[in-house]
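Novice:
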Amino acid sequence: MNNFTVNSLLKTNPKSQKVVIEGWVKTFRANRFISLNDGSSYENIQCVVDFKNTSSETLSKINTGTSMKIEGLLVESKGKGQKSEIKVEKITILGECDMNSYPIQPKKHSLEFLRENAHLRVRTNTFSSVMRVRSNLSFAIHKYFKEKGFFYVNTPIITGSDAEGAGEMFKVTTLDLNKKNEVNFNEDFFGKETNLTVSGQLEAESLAMGLGKVYTFGPTFRAENSNTSRHLAEFWMIEPEMAFYDLKDNMDLAEDFIKFIIKDLINECKKDLDFLNQRLIDEDKTKPMNERNELNLLDRLNIVIKNNFKRITYSEAFKILKNSKPNKKKKFKFPILEWGVDLQSEHERFLVEKHFKKPVIIYDYPAKIKAFYMRMNEDKKTVKAMDILFPGIGEIVGGSQREERLDVLKSRIKELKIEEKELWWYLDLRKYGTVKHSGFGLGLERLILFATGMSNIRDVIPFPRTPKSAEF
Ligand code: ATP
Ligand code: MN
């Protein structure tokens, strides 16, 4: 290890000082100019090789992908495009790279090809930028909650409650399923049926009922067989849960939270965002006019920071959608015919992108399309749910005020034919010192999609898990 990074060198005033740097070769031109990258920055450092005094054996090993240690002097660059460069004094080859078989050639690769080479794709500009953005967003999330007095809690990944209804679940078992026709979960490891968690919410509610304000930030699993560009089988979710918060407090917090992390990202990852923005503009130029994005990435981020999110009830959204067409000719694929139907992503995106042109929060949804734990309104038809919809994404946050009244919760559970005894501990929270409380879930990868302008959720997590795909 040495004490320098490409990022720190690019910020240092070049005064012919001695430096040491380790990294991977991006390109090698004219037997002379190495572009070296170590992951610390989107930018590379140019290293100028004194080829007359370098052995031809060493020179022959300098290829795209080769790892090396370079010792030399940090000097002002004579070339265009960079302030400083390294005048190389010594090269130590660390790991050779076979140029002919190396998948990451110095050219543009399709995202599909890079997905098949997910173990190496972080060496490309696009993926290293996306991963730095991912890291920064995660850190900003912790920073926000810490500043607001929340406690970070960890809820189980293996759960025994199967009543959440958030999505299809993956079973966890040590039984030899090949050997048996009849599966008896009493004989299983936990003596009962268990699954990978689809949400930490119910447990987070329990913790909020003593700590006040908590959040979880962990992996979440859903066996949804929907092969979309916005669903993963394994994703990361942030779930704050707050005692004494009603639905409005919940919406206020969610909006403030998202604005904070996007602002933080703009401050911290300027170079990566500029690169991703340009990438999107270039990609757009290859598309027909009517498919191009109206807004570039930086405009989109600014729309989120600078506008109050539009808040409307489901009933108001329903009226707008019933009287709208997505454009002059087309109709919605799923027409909005009667009050009570669930909104599809095309409806959500219409409201955000065409109608209001800013993020939208829809609240007070019909009870029958939402989960059992959401607080019933006076009309007995709607619940205090809220979804936040984003341009290009659709739903990014789903949340609600929770039902804190024991009798109402029990009758909802009965109505939906959920096993009450499975939820005994959840009901206890309403028996012993119940208080109004609220929370929401934000999918980290949906947030990264928005923040990077990437269009497929498989490209914002290092090793995506989706139907028929769990390589690496
Ligand atoms: P959708 O309707 O898009 O499937 P959902 O209603 O199932 O979402 P929730 O159960 O409310 O989503 O989960 C909270 C948040 O988790 C969502 O707003 C979204 O950001 C994220 N999320 C949900 N399912 C997935 C998934 N399969 N992959 C990635 N993120 C997801
Ligand atoms: Mn879902």
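Residues in the sequence shown are numbered from 518 upward in steps of one, following this note's numbering. In this text, a Cβ means the ideal position worked out from N, Cα and C, and glycines have one as well. This one's a predicted model, so the numbers in the text were calculated from it and none came from an experiment.
Compute every distance between the C-beta of L959 and the non-hydrogen atoms of ligand 1, then say whether any falls below 8 angstroms.
Specialist: Flag set: Cβ of L959 near ligand 1.
Novice: For Y831, which three-state DSSP category applies?
Specialist: Note: Y831 maps to helix in three-state DSSP.
Novice: Can we count I935 as close to ligand 1, meaning its CB is less than 8 angstroms from some heavy atom?
Specialist: No, the Cβ of I935 stays beyond 8 angstroms of every heavy atom of ligand 1.
Novice: To which residues does DSSP link K535 through a beta bridge?
Specialist: Paired residues: L590.
Novice: Give me the DSSP bridge partner(s) of A902.
Specialist: A902 pairs with S917.
Novice: Unbroken alpha helix (DSSP H) runs of length 4 or more, entirely within the segment 595-683: which are they?
Specialist: Whole alpha helix (DSSP H) segments, 4+ residues: 628-633 and 642-664.
Novice: Run through the DSSP bridge pairs and tell me what T990 is partnered with.
Specialist: One cannot answer for residue 990 here, as it falls past the ends of the chain, which runs 518 to 989.
Novice: Applying the criterion that 16 or more other CB atoms from any shown protein chain within 10 Å of the CB defines a buried residue, is W753 buried or exposed?
Specialist: Burial call: buried.
Novice: Let's test the definition: count the other Cβ atoms within 10 Å of the Cβ of V647 and tell me whether it reaches 16, buried, or not, exposed.
Specialist: Buried, since its Cβ has 16 or more Cβ neighbours within 10 Å.
Novice: What three-state label does DSSP hand R546 in the structure shown?
Specialist: Here R546 sits in strand by DSSP.
Novice: Is it the case that the Cβ atoms of G915 and G857 are separated by a distance below 9 angstroms?
Specialist: Cβ atoms of G915 and G857: not closer than 9 angstroms.
Novice: Are the beta-carbon atoms belonging to E758 and V715 less than 9 angstroms from one another?
Specialist: Their beta carbons are not under 9 angstroms apart, which means E758 does not touch V715 by this criterion.
Novice: CB-CB under 7 angstroms to M561, same chain, minus the five flanking residues each way: which ones, in chain order?
Specialist: Here residue 561 turns out to be Asn, not Met, going by the sequence shown. If we look at N561 and ignore the five residues flanking it on each side, its Cβ neighbours are V523, K543, S552, L553 and N554.
Novice: Expressed to the nearest angstrom, what Euclidean distance is found between the alpha-carbon atoms of N580 and D615?
Specialist: Roughly 8 angstroms between the two C-alpha positions.
Novice: Would D705 and L692 be called neighbours here (beta carbons separated by less than 9 angstroms)?
Specialist: Taking 9 angstroms as the Cβ cut-off, D705 and L692 qualify as a contacting pair.
Novice: Can you tell which of S533, N634, S645 and I965 has its C-alpha closest to the C-alpha of S594?
Specialist: The option with the nearest alpha carbon to S594 is S533.
Novice: If you run the structure through DSSP and keep just helix, strand and coil, what is F907?
Specialist: Strand at F907.
Novice: Taking CB distances under 9 angstroms as the criterion, tell me whether I783 reaches chain B.
Specialist: This model lacks chain B altogether; it includes just one protein chain.
Novice: Could you work out which residue in L591, W541 and E574 is closest to K528 when comparing CA atoms only?
Specialist: Of the candidates L591, W541 and E574, the one whose C-alpha sits nearest the C-alpha of K528 is L591.
Novice: Count the other CB atoms, across all protein chains shown, that sit within 10 Å of the CB of Y831; report buried if there are 16 or more and exposed otherwise.
Specialist: Result: buried.
Novice: At a cut-off of 8 angstroms, would you count I749 as near ligand 1, judging by its Cβ distance to the nearest heavy atom?
Specialist: It should be pointed out that residue 749 corresponds to Leu in this sequence rather than to Ile. Yes, since a heavy atom of ligand 1 falls inside the 8 angstroms radius drawn around the Cβ of L749.
Novice: Is the separation between the beta-carbon of V999 and that of V650 shorter than 9 angstroms?
Specialist: Lying outside 518 to 989, the shown extent of the chain, residue 999 is not represented and no answer is given.
Novice: Relative to the alpha-carbon of L770, which residue among F792, I878, G727 and A547 has its alpha-carbon at the smallest distance?
Specialist: Out of F792, I878, G727 and A547, I878 has the C-alpha closest to the C-alpha of L770.
Novice: On the DSSP bridge assignment, give the partners of V877 in chain order.
Specialist: Paired residue(s): K827 and L906.
Novice: With hydrogens ignored, establish whether the beta-carbon of I775 is closer than 8 angstroms to any heavy atom of ligand 1.
Specialist: No, the Cβ of I775 stays beyond 8 angstroms of every heavy atom of ligand 1.
Novice: Name the DSSP beta bridge partners of T983, please?
Specialist: Beta-bridge pairing links T983 to S986.
Novice: When the Cβ atoms of the segment 910-930 are set against those of the segment 792-808, are three or more pairs found closer than 8 angstroms?
Specialist: Not touching, per the Cβ criterion.
Novice: With 16 other CB atoms within 10 Å as the buried threshold, where does W541 fall?
Specialist: Buried, since its Cβ has 16 or more Cβ neighbours within 10 Å.
Novice: Look at the Cβ atom of I775, then the Cβ atom of I905, and state whether they are nearer than 9 angstroms.
Specialist: Yes, they are a contact pair.
Novice: Note down the Cα distance separating P805 from N894, rounded to an integer number of angstroms.
Specialist: Taking the straight line joining both Cα atoms gives about 47 angstroms.
Novice: Is it buried or exposed, A987, if we count other Cβ atoms within 10 angstroms and call 16 or more buried?
Specialist: Classification for A987: exposed.
Novice: May I ask you to verify whether the segment 929-939 touches the segment 884-892, counting CB pairs closer than 8 angstroms and requiring at least 3?
Specialist: Yes: the two stretches touch, three or more of their Cβ pairs being nearer than 8 angstroms.
Novice: Between G684 and ligand 2, is the CB less than 8 angstroms from at least one heavy atom?
Specialist: Yes, Cβ of G684 sits closer than 8 angstroms to a heavy atom of ligand 2.
Novice: Just list the residues that DSSP pairs K688 with in beta bridges.
Specialist: K688 is bridged to N712.
Novice: According to the Cβ coordinates, are S627 and R975 closer than 9 angstroms?
Specialist: Going by C-beta atoms, S627 is not nearer than 9 angstroms to R975.
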